[in-house]
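S.K.:
Shown next, in the form of structure tokens:
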């Protein structure tokens, strides 16, 4: 799970650095990824569901 979060974060960061995403969109998507990671840590999401949601971001 942590690996998929890191992949998602890195992908978003690269897109932002290449100016494919503006600051607002980047911040929104990073916050969404963090929420998914935190929900998984609390046990509110299963691993497969959390990974699928991370992949679906941006």
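Numbering (the numbering used here), first residue to last: 3 to 60.
Note that CB positions come from ideal geometry on N, CA and C, so glycine has one too.
Would you be able to state if there are at least three C-beta pairs under 8 Å between the segment 32 to 40 and the segment 7 to 14?
M.R.: yes
S.K.: Is residue 10 close to the ligand MG? I mean its beta-carbon at under 7 Å from any heavy atom of the ligand.
M.R.: Absence of the ligand MG from the depicted structure is noted, as is the absence of any ligand whatsoever, leaving it without description.
S.K.: Give me the Cα-Cα distance between residue 21 and residue 58, rounded to the nearest whole angstrom.
M.R.: Translated into positions along the chain shown, residue 21 becomes position 19. Translated into positions along the chain shown, residue 58 becomes position 56. In a straight line, the C-alpha of residue 21 is about 20 Å away from that of residue 58.
S.K.: Per DSSP, what kind of secondary structure is residue 54 in: helix, strand or coil?
M.R.: Sequence index remark: in the chain shown, residue 54 carries index 52 (1-based). Correct three-state label for residue 54: helix.
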